[in-house]
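Student: What follows is a structure written as structure tokens; I'll ask about it next.
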Amino acid sequence: MRQFVKLQRIVVKIGTATLTQNGRLDQDYLFNTAQQLAQIKQQGIHVLLVTSGAIGLGALEAGFATKPSGIPLRQALAAIGQPHLMQAWREAFQKVNFKVAQVLVTYDVFSHRPSYLSLRNTVETLLSMNVVPIFNENDAISIAEITRAFGDNDRLSALVASKVNADLLILLSDVDALYDSDPRTNPQAQKITEVKSITPELLNAAGRAGTNFSTGGMKTKLHAAQIAQKAGCSMVLAHGREPQVIWRVVQGEELGTHFLPHDRQPSRKRWLALALPQGWLTVDEGAMKALRSHKSLLPSGVVAVEGEFNPGSVVSVNGQIKLISKYSSQDLRKILGKSLNEVEAILGYREVIARPEDMAFLDEIDPLQQ
Numbered sequence: 173m174r175q176f177v178k179l180q181r182i183v184v185k186i187g188t189a190t191l192t193q194n195g196r197l198d199q200d201y202l203f204n205t206a207q208q209l210a211q212i213k214q215q216g217i218h219v220l221l222v223t224s225g226a227i228g229l230g231a232l233e234a235g236f237a238t239k240p241s242g243i244p245l246r247q248a249l250a251a252i253g254q255p256h257l258m259q260a261w262r263e264a265f266q267k268v269n270f271k272v273a274q275v276l277v278t279y280d281v282f283s284h285r286p287s288y289l290s291l292r293n294t295v296e297t298l299l300s301m302n303v304v305p306i307f308n309e310n311d312a313i314s315i316a317e318i319t320r321a322f323g324d325n326d327r328l329s330a331l332v333a334s335k336v337n338a339d340l341l342i343l344l345s346d347v348d349a350l351y352d353s354d355p356r357t358n359p360q361a362q363k364i365t366e367v368k369s370i371t372p373e374l375l376n377a378a379g380r381a382g383t384n385f386s387t388g389g390m391k392t393k394l395h396a397a398q399i400a401q402k403a404g405c406s407m408v409l410a411h412g413r414e415p416q417v418i419w420r421v422v423q424g425e426e427l428g429t430h431f432l433p434h435d436r437q438p439s440r441k442r443w444l445a446l447a448l449p450q451g452w453l454t455v456d457e458g459a460m461k462a463l464r465s466h467k468s469l470l471p472s473g474v475v476a477v478e479g480e481f482n483p484g485s486v487v488s489v490n491g492q493i494k495l496i497s498k499y500s501s502q503d504l505r506k507i508l509g510k511s512l513n514e515v516e517a518i519l520g521y522r523e524v525i526a527r528p529e530d531m532a533f534l535d536e537i538d539p540l541q542q
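Just so you know, the sequence shown maps onto residues 173 to 542 in the numbering used here.
Right under this line is the structure:
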């Protein structure tokens with residue numbers, strides 16, 4: 173049996189291929205899932221659900237037999253499918269006397285700190301009201317989310333788990349575990365039951381998406397595991413059609429692959445590392461050395477500015493650090509390479525670009541961006 177820490181919050185992600193059967197949304201499966209989550213909630217554990225399926229359900233409703241291409245069409249199909257998907261979940265949870273709330277997000281919500289804090293407060297309020305938050309990407313309006321390489325909702329579920337300080341993320345898919353090679357093409361592939369760290373070899377062994385409507389492959393699940401591990405969150409990858417799989421995983425049964433948690437990084441650092449940068453700075457060798465020594469970034473060390481951003485925006489530094497800039501891109505271009513005394517003469521005030529508490533080193537927080 174697996175020994176998790178005392179579970180207080182779990183996030184469950186269910187993929188499109190798991191939610192559908194014989195070409196239709198499987199309402200019985202949704203009800204069974206609601207029953208398991210209700211049973212877990214009765215143990216005093218908060219549950220959050222990340223659901224895929226809006227585009228796939230919209231495509232099925234519109235009569236498509238395979239995954240459609242073209243962003244405008246997929247956005248339209250997401251708009252068709254999302255209300256059907258939420259209504260199906262609402263009906264499933266009504267049968268077990270729980271209310272649900274729809275939370276549609278884009279990656280920008282996690283990158284803009286005021287929006288992220290507002291989202292976090294909303295989720296905390298929903299949990300205090302004993303409501304189950306159901307997350308999905310807002311595919312109907314977000315081009316970036318549909319085309320993003322991290323796949324369907326795998327990384328989103330890890331971001332949610334990270335932001336709410338979940339203890340366990342359960343990724344339910346149409347595969348039963350991580351293997352050392354693709355079991356669909358290699359009958360000798362060996363199941364991996366426990367992963368302490370994700371190595372380049374594991375990433376190279378990851379396959380591609382294989383079902384009609386799913387967009388995430390094994391590599392996206394490994395990326396999700398990396399985020400979860402850095403957040404101090406266990407992750408279990410298991411087959412979504414395994415009977416009572418959620419309940420059994422929570423009870424410690426050794427299903428699927430268990431990705432062990434690492435030490436939990438500070439929440440602000442995790443948010444910063446995973447935020448999308450609004451601009452890019454190039455700094456000289458001396459400035460990078462100072463930053464690695466946990467010193468402030470000064471205008472004198474900046475040699476180039478790319479992008480347009482306002483004060484308080486997240487920017488990337490040499491592709492290795494993310495920080496919150498106290499200057500706009502317009503002002504930074506005026507003070508490149510200047511001392512603080514020169515900055516004051518040019519702008520009328522002087523300030524460092526960022527202090528150590530407003531920085532995150534990507535190789536320490538987010539392995540995806542190394």
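Where a beta carbon is used, it is the ideal one built from N, C-alpha and C, also for glycine.
Remember, predicted model here, so these are calculated numbers, not experimental data.
1) With DSSP as the reference, label G404 as helix, strand or coil.
2) Using three-state DSSP, classify A237 as helix, strand or coil.
3) For R420 and Q450, what's the separation of their Cα atoms in angstroms?
4) Can you have a look at E480 and say buried or exposed, based on whether 16 or more other CB atoms are within 10 angstroms of its CB?
5) E263: which of N204, A396 and V219 sits nearest, CA to CA?
6) Counting C-beta neighbours from all protein chains within 10 Å, is the total for Q362 16 or more, i.e. buried, or is it exposed?
7) Going straight from the alpha carbon of L512 to that of R522, what length do you get?
8) Cα separation between P240 and R196?
9) Taking DSSP's pairing of strands, which residues face S345 in a bridge?
10) Which same chain residues end up closer than 6 Å to D530 when comparing Cβ atoms and leaving out the 5 residues on each side of it in sequence?
11) What runs of the alpha helix (DSSP H), each 4 residues or longer, lie entirely inside the stretch 496-535?
12) Please determine if the stretch 427-440 and the stretch 453-466 are in contact, where contact requires at least 3 C-beta pairs separated by less than 8 Å.
13) Enumerate in chain order the residues of its own chain whose CB-to-CB distance from H256 is below 8 Å, with the five nearest sequence positions on each side excluded.
14) Distance, Cα to Cα, V347 vs M407?
15) Taking buried to mean at least 16 other C-beta atoms within 10 Å of its own C-beta, is Q259 buried or exposed?
16) Could you check what DSSP says for Q362 in three-state terms: helix, strand or coil?
17) Just verifying my parser: in three-state terms, what is the DSSP assignment at Q193?
18) Quick one, which of Q398, G412, N308 and G424 has its alpha-carbon nearest R442's?
19) For L298, which residues in the same chain have their Cβ closer than 7 Å to its Cβ, ignoring the five residues on either side in sequence?
20) Quick one: which unbroken beta strand (DSSP E) runs of 3-plus residues sit fully inside the stretch 248-300? Chain order, please.
21) When you compare only the Cα positions, how much space is there between F282 and A445?
22) Considering V149, what are the terminal residues of the beta strand (DSSP E) in which it resides?
23) Kindly list the residues whose CB is nearer than 6 Å to the CB of M173, restricted to its own chain and excluding five residues on each side of it in sequence; keep chain order.
24) Assuming contact is defined by CB atoms lying nearer than 8 Å, are S472 and G520 in contact in what I supplied?
25) For I370, which option in D354, R356 and M390 has the closest C-alpha, if you only look at C-alpha atoms?
26) Would you list the one or two residues that DSSP bridges to P305?
27) From V184 to Q502, what does the alpha carbon distance come to, in whole angstroms?
28) Ignore the nearest five residues each way along the sequence and tell me which others in V545's own chain have a CB closer than 7 Å to its CB.
29) Give me the residue from Q266, A226 and L394 with the minimum Cα distance to Q247.
30) Taking the alpha carbon of D456 as the reference point, which residue from L469, L448 and A447 has its own alpha carbon closest?
31) Quickly, what does DSSP pair A476 with across the bridge? List them, please.
Tutor: On the basis of the coordinates in this document:
1) Stepping through the sequence shown from its first residue, residue 404 is reached at position 232. It is coil, neither helix nor strand.
2) Working through the sequence shown from its first residue, we reach residue 237 at position 65. In this structure, A237 counts as coil in the three-state DSSP scheme.
3) Here residue 420 corresponds to residue number 248 of the sequence shown, with the count starting at 1. Here residue 450 corresponds to residue number 278 of the sequence shown, with the count starting at 1. Going by the C-alpha atoms only, they are around 43 Å apart.
4) In the sequence shown, residue 480 corresponds to position 308, counting from 1. Looking at its Cβ environment, which holds fewer than 16 other Cβ atoms inside 10 Å, E480 is exposed.
5) On the sequence shown, residue 263 is found 91 positions in, with the first residue counted as 1. Checking every option, the nearest Cα to that of E263 belongs to N204.
6) Locating residue 362 in the sequence shown gives position 190, where the first residue counts as 1. Classification for Q362: exposed.
7) In the sequence shown, counting from the first residue as 1, residue 512 sits at position 340. In the sequence shown, counting from the first residue as 1, residue 522 sits at position 350. If I take the Cα positions, the gap works out to 6 Å.
8) Translated into positions along the sequence shown, residue 240 becomes position 68. Translated into positions along the sequence shown, residue 196 becomes position 24. Each residue's alpha carbon lies about 16 Å from the other.
9) What you label residue 345 is simply residue 173 of the sequence shown in a count that begins at 1. Beta-bridge pairing links S345 to H411.
10) Stepping through the sequence shown from its first residue, residue 530 is reached at position 358. For D530, where only same-chain residues beyond five positions count, the Cβ hits under 6 Å are L495 and I496.
11) 501-506 and 512-519
12) no
13) Taking the first residue of the sequence shown as position 1, residue 256 is located at position 84. The answer, listed in chain order, is L197, L229, G230 and E233.
14) Along the sequence shown, read from residue 1 onward, the residue named residue 347 stands at position 175. Along the sequence shown, read from residue 1 onward, the residue named residue 407 stands at position 235. Distance between the alpha carbons of V347 and M407 is about 15 Å.
15) Locating residue 259 in the sequence shown gives position 87, counting from the first residue. Burial check for Q259: the Cβ neighbour count within 10 Å stays below 16, so the residue is exposed.
16) For this step, residue 362 is matched to residue 190 along the sequence shown. Here Q362 sits in coil by DSSP.
17) To locate residue 193, count along the sequence shown from 1; it is residue 21. Three-state DSSP puts Q193 in a strand.
18) Translated into positions along the sequence shown, residue 442 becomes position 270. It is Q398 whose Cα lies nearest to the Cα of R442.
19) The sequence position of residue 298 within the sequence shown is 126, counting from 1. Closer than 7 Å at the Cβ level, and outside the excluded window around L298, lie A273 and P305.
20) 272-277
21) Along the sequence shown, one-based indexing puts residue 282 at 110. Along the sequence shown, one-based indexing puts residue 445 at 273. Approximately 11 Å between the Cα atoms of the pair.
22) Nothing can be reported for residue 149: it is not among the residues displayed for the chain, which extend from 173 to 542.
23) To locate residue 173, count along the sequence shown from 1; it is residue 1. For M173, where only same-chain residues beyond five positions count, the Cβ hits under 6 Å are G424.
24) Translated into the one-based positions of the sequence shown, residue 472 becomes position 300. Translated into the one-based positions of the sequence shown, residue 520 becomes position 348. The answer is no: Cβ separation not under 8 Å.
25) The sequence position of residue 370 within the sequence shown is 198, counting from 1. Sorting D354, R356 and M390 by C-alpha distance to the C-alpha of I370 places M390 at the top.
26) Position 133 of the sequence shown, counting from 1, holds the residue named residue 305. Paired residue(s): A273.
27) Indexing the sequence shown from 1 puts residue 184 at position 12. Indexing the sequence shown from 1 puts residue 502 at position 330. Their Cα atoms are separated by approximately 43 Å.
28) Since the first residue of the chain shown is 173 and the last is 542, residue 545 is not available in this structure.
29) The residue given as residue 247 occupies position 75 in the sequence shown. With distances taken between Cα atoms, Q247 lies closest to A226.
30) Along the sequence shown, one-based indexing puts residue 456 at 284. Closest option to D456, Cα to Cα, is L469.
31) Here residue 476 is taken as the residue at index 304 of the sequence shown, counted from 1. T454.
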